[in-house]
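Residue numbers (this note's numbering): 7 to 132. For every residue, glycine included, the Cβ atom is placed at its ideal position computed from N, Cα and C.
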């Protein structure tokens, strides 16, 4: 709780100083123009959750779609499914990849016959 109260105190001090016309130190200037990187250029790790058919060769097809877009797999977990359902859930963590490559890979994965659904893909900040 100490950290959050310190942050609130700092914000209140900055607001009070701004209202009183006190010139801010370089660390507290908030009107500087920053260049924002286009989202397509963002590079980070990703978490994928896929609902797939539970049969041989599925992981190879998924890996190919990712590899074709220069996305490297860090880890894979396949959750067991009930045999009657003949479906499985695959969770993939990637090494850092560019957003535009991930978007292309997701579109490719949606077209792979053994992929029932791309349940989610989430950017992971480190």
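Asked, Found
"Assess contact between the segment 81-101 and the segment 10-27, defined as three or more Cβ pairs (one per stretch) separated by less than 8 Å. Is contact present?", "no"
"Note down the Cα distance separating residue 93 from residue 59, rounded to an integer number of angstroms.", "4 Å"
"Does the contact criterion of 3 or more C-beta pairs under 8 Å hold for the segment 105-113 versus the segment 43-62?", "yes"
"Going by C-alpha to C-alpha distance, which of 70, 26 and 132 sits closest to residue 120?", "70"
"Kindly indicate the opening and closing residues of the alpha helix (DSSP H) around residue 106.", "105-117"
"Does the distance from the C-beta atom of residue 50 to that of residue 131 stay below 8 Å?", "yes"
"Helix, strand or coil for residue 129, going by three-state DSSP, please let me know.", "strand"
"Are residue 55 and residue 86 closer than 8 Å when you measure CB to CB?", "no"
"Shortest alpha-carbon distance to residue 115 belongs to which of 73, 103, 102 and 101?", "73"
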